[in-house]
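There are 2 protein chains.
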Amino acid sequence: MPVKPGATIDPRATRARVLSSAVQLFYERGVHTVGVDEIAHHAGASKLTIYRNFGSKEGLVEAVLEYRSEHIHRWLVTRLEGVPAGRERVLALFDLLTRWYARDGYCGCAVVNAAVETRHLDGPVRQLPRAHLTRYRELLEELLAGAGAGRPETLARHLLILIEGATTITAIDGDPAAGHDARAAAEVLLDAACAA
Amino acid sequence: MPVKPGATIDPRATRARVLSSAVQLFYERGVHTVGVDEIAHHAGASKLTIYRNFGSKEGLVEAVLEYRSEHIHRWLVTRLEGVPAGRERVLALFDLLTRWYARDGYCGCAVVNAAVETRHLDGPVRQLPRAHLTRYRELLEELLAGAGAGRPETLARHLLILIEGATTITAIDGDPAAGHDARAAAEVLLDAACAA
DNA sequence: ACGAGACGGTACCGTACAGTACCTTCTCCT
DNA sequence: AGGAGAAGGTACTGTACGGTACCGTCTCGT
């Protein structure tokens with residue numbers, strides 16, 4: 001059964017299937033411990049299809065990071081739209097993160113993990129995480145400007161440190177308490193920035 | 001030349017040489033991308049010596065993590081002894097970290113990196129990083145109790161989040177600014193805890 | 001209806017890895 | 001003096017990986 005008997009051929013769907021499998025497997029077990037064969041098998045695709053679509057394993061990793069970074073950002077923005085702008089919206093971000101930490105199978109941020117797993121300094125696998133952090137900081141800055149905090153770009157950097165710290169710590173000790181801690185610390189920083 | 005011509009045989013020195021090479025190579029390039037052969041060659045040892053001393057590659061990784069965790073902890077304690085106890089000593093910790101971030105070849109905390117690289121949930125490669133964080137938190141708690149901060153165990157968790165966040169962010173974007181940011185945020189949290 | 005393109009399956013290549021076996025040489029301790 | 005132990009060198013096994021080649025089959029546009 002070469003092509004998959006009853007389904008219409010759709011290059012974009014095939015690509016998406018491979019990408020989705022790669023996202024899941026890379027996240028669960030790491031970029032270096034998952035082989036292309038396994039991704040192909042998991043996606044019900046052939047290796048050749050992967051190489052036709054992504055060029056190389058590194059190309060696939062790159063696509064996964066792009067996808068995840070975009071997905072996370074859109075997820076946050078969408079969810080925060082339902083919360084009144086201001087201080088409340090900033091704290092809602094931390095609540096979202098805390099809920100994420102409690103999800104089954106949580107093991108950190110895929111983008112950051114991939115950066116840590118790949119020491120190689122050049123290449124998109126290192127540049128994309130940098131861009132990811134930058135975009136994250138810009139989102140925080142917007143939220144903080146909406147909350148009327150003083151020096152929003154400084155506070156944004158501080159809050160991002162809290163976020164990444166809680167993300168990493170929760171991934172290591174498995175206890176989502178760090179989410180609540182990060183939120184509490186963020187409140188203190190917010191209070192100080194609004195009082196000044 | 002089987003044993004190394006002019007040197008006295010010292011099992012502990014050989015073990016230390018292997019361990020030192022493993023520490024360096026694992027840190028530079030990651031646990032999964034460095035092979036046992038390369039470590040043996042770098043240490044001027046044979047693979048068999050490695051397996052005699054550490055049992056397996058995982059055993060070597062475990063020994064490396066233990067060594068690094070211990071080393072980091074002792075380094076911090078020793079350096080902080082020279083600083084007067086209290087608020088100043090807490091902030092001195094952040095100064096030490098900032099200096100560490102600026103060091104050439106810095107790419108995060110070896111213990112945390114290994115935990116991130118190894119998703120496998122059981123095994124010492126995951127337990128040791130957990131213990132590492134716990135010990136870190138206890139150290140912070142001591143420092144904070146010495147500074148007369150209210151709720152030192154809560155504040156210790158908050159400061160650890162800042163530390164790990166700055167450690168990760170610096171490893172990704174290469175800019176040691178996160179160290180200064182973490183220190184500034186810690187000051188705010190300290191002020192709030194001492195005022196309360 | 002027919003060719004082009006997308007696709008899966010299988011097999012393959014070269015390399016690299018973790019781990020083991022065997023032998024030789026050196027240094028200690030008794 | 002001589003054995004025990006520590007060590008390095010070489011070679012090996014089995015496996016797994018990234019990547020490629022080839023073939024047969026399916027669907028779609030024209």
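For the record, the sequence lines run as chains P and C. Residue numbers 1 to 196, in this note's numbering, belong to the letters of the first sequence in order. Residue numbers 1 to 196, in this note's numbering, belong to the letters of the second sequence in order. Using N, Cα and C, we set each Cβ at its ideal position, and we do this for glycine too.
Of the other Cβ atoms in all chains shown, fewer than 16 fall within 10 Å of the Cβ of residue 28(C); this residue is therefore exposed.
The alpha-carbon separation between residue 24(P) and residue 104(C) amounts to approximately 34 angstroms. Scanning chain C for C-beta atoms nearer than 8 angstroms to the C-beta of residue 117(P) yields 30, 32, 116 and 117, reported in chain order. Note that the C-beta distance between residue 137(C) and residue 155(C) is not below 7 angstroms. Note that the C-beta distance between residue 129(P) and residue 111(P) is below 7 angstroms.
A straight line joining the alpha-carbon of residue 164(P) with that of residue 109(P) spans about 9 angstroms. Under the DSSP assignment, residue 136(C) falls in the alpha helix (DSSP H) whose first and last residues are 124 to 146. Within a 10 Å sphere around the beta-carbon of residue 9(P) sit fewer than 16 other beta-carbons, which makes this residue exposed.
With a threshold of 7 angstroms between beta carbons, residue 109(C) makes no contact with chain P. The beta-carbon of residue 130(P) is placed less than 7 angstroms from the nearest beta-carbon of chain C. Between the region 140 to 156 of chain P and the region 166 to 183 of chain P, the count of Cβ pairs shorter than 8 angstroms is below three; the stretches do not touch.
Look at residue 180(P) here: in three-state DSSP terms it is helix.
Close CB contacts of residue 92(C) within its chain, under the 7 angstroms cut and outside five residues either way in sequence, are with 80 and 83 (chain order). Closer than 9 angstroms at the C-beta level to chain C, one finds these residues of the region 161 to 172 of chain P: 161, 162, 163, 164, 165, 166, 167, 168, 169, 171 and 172. Looking at the backbone, the Cα of residue 66(C) and that of residue 53(P) are separated by about 43 angstroms. Beyond the five residues adjoining it in sequence on each side, residue 64(C) comes within less than 8 angstroms, by CB distance, of 19, 22, 23, 26, 110 and 114 in the same chain, given in chain order. In chain order, 185 and 188 make up the part of chain P whose C-beta sits under 7 angstroms from the C-beta of residue 189(C).
Residue-level contact by beta carbon holds for residue 181(P) and chain C, with a gap shorter than 7 angstroms. Your pair residue 143(P) and residue 89(P) checks out as a contact, with CB atoms roughly 6 angstroms apart and the cut at 8 angstroms. Fully contained in the region 1 to 54 of chain C are the following alpha helix (DSSP H) runs of length 4 or more, in chain order: 11 to 29, 36 to 43 and 47 to 54. Counting along the chain, the unbroken alpha helix (DSSP H) around residue 168(C) starts and ends at 152 to 173. Taking all protein chains shown into account, residue 76(C) has 16 or more neighbouring C-beta atoms within 10 Å of its C-beta and is therefore buried. Within chain C, the residues 169, 172 and 173 have their CB atoms less than 8 angstroms from the CB of residue 133(P), given in chain order. Under the three-state reduction of DSSP output, residue 86(C) falls in the coil class, being neither helix nor strand.
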